[in-house]
Amino acid sequence: MKNLIIILLLFVGIKHSIAQTKQQTIKKTASKITDFIPPKWKLIAEAKGDLNKDGLEDCALVIENTDDKNFISNADRLGGDTLNINPRYLLVIFKKSNSVYELVTKNTSLIPPINSQDSPCLTDPFAENGGIEINKGLLSVHLQNFYSCGAWEVYNFDYIFRYQNRQFELIGYNKSSLHRSSGEETSKTISFSTMKMNYTSGINAFKDGNKPKTVWKNIKPRKLLSLQTITADSLDAFD
């Protein structure tokens, strides 16, 4: 009987895992931007601008699933009583000369869900200080890690992509942190176009007369990361 219960629990866990990892099919072309949003999904962010220098207004969307199965109980842990772990997709859509819209890139892992099972105290990384932006032909994704309990640091992340070599490649990455108790701030900027990075310290948000120190270094040439495959952990090596 005990073995049967264990097998059933494993089956339930595997079934839930499969439901989480199964990807939603997105249309390849459509006559309207809203047609790229599947049933039972919703639009949470949108940015417009010319991304491929053809003079037409392209679009980037962040969409979120609303499946009730992805609302899970968290009653015995810190954070809210219920966690929403519905996945979010980032879609990049080109407008064609015939007024048809074409899905160019889909990323299913860079934009985190509202809640995290591993860190239930983490607030929505894409909420007030997150977002997407298209400016001067570049696509930027902004995320923030703010913990309501268990950590004092606030982290901000910027991912900057350019359409080149028939894909969106990561050309820039910024990471900054603020310690809410001490006021200490640090920042890091990486240019994958020049293969250089800098690290700035010596700043305190609570004090005047700061003397920031910036250290530059070269990074080894590497194949650029693409928007299609990048994850939130892809740049951990630079930390």
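Residues in the sequence shown are numbered from 71 upward in steps of one, following my numbering.
Note that CB positions come from ideal geometry on N, CA and C, so glycine has one too.
Outcome for residue i when other beta-carbon atoms lying within 10 angstroms are tallied against a minimum of 16
i    : result
D128 : buried
V285 : exposed
I230 : buried
N280 : exposed
A130 : buried
P291 : exposed
V170 : exposed
K102 : exposed
F238 : buried
R158 : buried
D303 : exposed
K266 : exposed
R147 : exposed
G207 : exposed
P195 : buried
G220 : exposed
D293 : Residue identity check: residue 293 is Lys in the sequence provided, not Asp. Exposed, by the Cβ-count rule.
R236 : exposed
G149 : buried
T193 : buried
In DSSP terms, what residue i is bridged to
i    : result
S143 : T152
N199 : Its beta-bridge partners do not exist; DSSP assigns none.
T284 : T270
S296 : E239
Within-8 Å CB hit, residue i to chain C
i    : result
S143 : Annotation note: the requested chain C is absent from the structure, which comprises a single protein chain.
Backbone secondary structure at residue i - three-state DSSP
i    : result
F308 : helix
V82  : With a pLDDT of only 40 at V82, under 50, the local geometry of the prediction cannot be trusted, and the value read off the model is given with reservation. In this structure, V82 counts as helix in the three-state DSSP scheme.
D303 : coil
D33  : Residue 33 is absent from the model: the chain starts at 71 and stops at 309.
*Only counting runs of 4 or more residues, tell me where the alpha helix (DSSP H) segments fall wholly within the region 99-134, in order along the chain.*
none
- Message: Which runs of the beta strand (DSSP E) at least 3 residues long sit entirely within the region 202-272? Give them in chain order.
- Response: 208-216, 223-234, 237-249 and 254-261
Residue ranges of each beta strand (DSSP E) run of no fewer than 3 residues wholly in the region 145-195, ordered along the chain? 152-154, 158-165 and 171-177
Exercise. Quick one: any contact between the region 111-122 and the region 190-207, if contact means 3 or more CB pairs under 8 Å?
Worked result: yes
Taking 8 Å as the cut-off, does the region 207-226 touch the region 249-256 (at least 3 CB pairs, one atom from each stretch)? yes
Check: If you pair each beta-carbon of the region 264-278 with each one of the region 208-220, do three or more pairs fall below 8 Å?
Finding: no
*Should the region 185-199 be regarded as contacting the region 141-154, the criterion being three or more beta carbon pairs within less than 8 Å?*
yes
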